[in-house]
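Below: the structure, in structure tokens.
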Amino acid sequence: MRLLRVILVLSATLSFLCPAHAQGQKGAAYRLLDRILDSSRALDPNAVYVPAPRWTLALTGDLRQARFSQKQDFSLPSAKLSPSGELIIEEIPVNISANLKGQVGTGIGVQVGYGDLSLSLSKNLGGGRTDDVYSFDYQSAGYAFQAQYFRYSNPVEFHQVFGEEGHWAYRDEDGVTEKPGQIRSFLLDAFYAFNRRKFAYSAAYRGNLFQKRSSGSWMFGSKLILGEYRIDPEEDIAHWVNGQARQTTAQVMFGGGYSYNLVPFHRQPYAEKDKGLRNLTINLTFLPMVTLFNQFSSTAYNDLENGVYTRVDKDVRNGKLQVNYVARIGIGYTYNQFSVNLSASNNDHTYRGISSIVYGGFQSDEVKTEGSFFRWTTSIRLGWRF
7 MRLLRVILVL
17 SATLSFLCPA
27 HAQGQKGAAY
37 RLLDRILDSS
47 RALDPNAVYV
57 PAPRWTLALT
67 GDLRQARFSQ
77 KQDFSLPSAK
87 LSPSGELIIE
97 EIPVNISANL
107 KGQVGTGIGV
117 QVGYGDLSLS
127 LSKNLGGGRT
137 DDVYSFDYQS
147 AGYAFQAQYF
157 RYSNPVEFHQ
167 VFGEEGHWAY
177 RDEDGVTEKP
187 GQIRSFLLDA
197 FYAFNRRKFA
207 YSAAYRGNLF
217 QKRSSGSWMF
227 GSKLILGEYR
237 IDPEEDIAHW
247 VNGQARQTTA
257 QVMFGGGYSY
267 NLVPFHRQPY
277 AEKDKGLRNL
287 TINLTFLPMV
297 TLFNQFSSTA
307 YNDLENGVYT
317 RVDKDVRNGK
327 LQVNYVARIG
337 IGYTYNQFSV
347 NLSASNNDHT
357 YRGISSIVYG
367 GFQSDEVKTE
377 GSFFRWTTSI
387 RLGWRF
């Protein structure tokens, strides 16, 4: 029932954006949208087949896994009494690592689209954990834009080393959080194909455009990442760093690479509603990217009163340049109005930042934090254009 409600909401959203006359003729909003989405004037009709914009309903299924890891290195003052009763304070090195690794899971979703536009939702099946993906995308021949929101939760495994082996303050501890850690990521991806005459980037993924013969293009890409990792401030791993229970990152990347469509066969339709259409397209895309803006923040919470944790400190720093990449492979097969699309992709990013914590009036040295997020997905899409 929940999935049915999602389908109705997505359909109603696009219907509101594209109302039609009761007589079956296209309304003003439809005609305006068709004109905005029209990419046929920029394409070579001998290289790319562009059908008339239509509604599309698709069911999706996928295998996916998310993984997050973080490492913090710093030193803390520790005190002991000497045999003579003198108070001795030493700086003790501390290393804390945390890992949030989900099992390979399955998801099912729905996608509703019109022409080059689509809205979609995919939810995890079983397992008791949260793993949801919401997305909006616009994929034409020369341009592609996608907004995605990931929400993932799972218990966090951690390991702490306090001091060095043989030292009086040495401790080596492992554990798992009682409550799940949470990851949230918002991503904006934009691509531009320089070969806008003979190359259709979306041909293998959406079934809205069809590559007639093999072709490739150099690509320019950009990506915005807003990420958050948080644990409950009550967890031991948060107490060890004086309540630091939330890290966020904001990154802006730019880069370039190459995308290629291999077309084993294509057959043009011979009647209305694409009757007779046959197409098989395979796409490979790889774009290295450089992070030009990289901001990191760490937020600390403290149990001030009545058991309620309140934010007491937030440290924001600018990180260093990072190198990431976008890699994608897709296979699309179309038979009349129906299409089957297989794709594999990954989203990963790393961050580095420096913050500080205070214990009993003593401020530690710099807390060096490194984190990485990786999520791979293999998807199947069953689409119907009507």
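First residue of the sequence shown: 7, per this note's numbering; consecutive thereafter. We put the beta carbon where it would ideally sit given N, CA and C, even for glycine. Bear in mind the structure is a predicted one, so any value in this text is a computation, not a measurement.
Asked	Found
Can you tell me where the alpha helix (DSSP H) holding residue 243 begins and where it ends?	242-245
Any idea what DSSP makes of residue 64, helix, strand or coil?	strand
By Cβ distance below 6 Å, which residues in the same chain neighbour residue 139 in space, the five residues on each side in sequence not counted?	128, 156
Taking residue 436 as part of the beta strand (DSSP E), name the residues at either end of that continuous run.	In the structure as shown, the chain begins at 7 and stops at 392. Residue 436 is therefore absent and cannot be evaluated.
Nearest by alpha-carbon distance to residue 60: which of 52, 215, 194, 193 is it?	215
On a CA-only basis, which of 211, 297, 221 is nearest residue 349? Give me that one, please.	211
Check whether the region 113-123 touches the region 82-97, counting contact only when three or more Cβ pairs, one atom from each stretch, lie closer than 8 Å.	no
Can you give me the start and stop residues for the beta strand (DSSP E) that residue 322 sits inside?	314-324
Using CA coordinates, which residue listed in 118, 187, 114 is at the minimum distance from residue 105?	187
What residue does the beta strand (DSSP E) around residue 264 start on, and which one ends it?	250-273
Under 8 Å by Cβ, that's how I've got residue 66 and residue 385 pegged, so tell me the actual separation to the nearest angstrom.	6 Å
Determine the burial state of residue 379: buried for a count of at least 16 other Cβ atoms within 10 Å of its Cβ, exposed for fewer.	buried
Return the Cβ separation of residue 270 and residue 331 in integer angstroms, given the expectation that the two are a contact with Cβ distance under 8 Å.	Actually they do not touch by this definition, with Cβ atoms about 27 Å apart.
How far does the beta strand (DSSP E) with residue 160 in it reach, from first residue to last?	149-160
Do you know offhand how far residue 17's Cα is from residue 118's?	For residue 17, the predicted model reports a pLDDT of 49, less than 50, meaning its position is unreliable; a value from the coordinates is still stated below. C-alpha separation (whole angstroms): 6 Å.
Below 8 Å between beta carbons: does that hold for residue 287 and residue 196?	no
From residue 58 to residue 102, what distance separates their C-alpha atoms?	57 Å
Short check: CB of residue 376 to CB of residue 387, under 8 Å?	no
Within 8 Å, do at least three Cβ pairs link the region 272-286 to the region 242-253?	no
Nearest by alpha-carbon distance to residue 372: which of 354, 381, 383, 360 is it?	360
So what's residue 357 in DSSP terms, helix, strand or just coil?	strand
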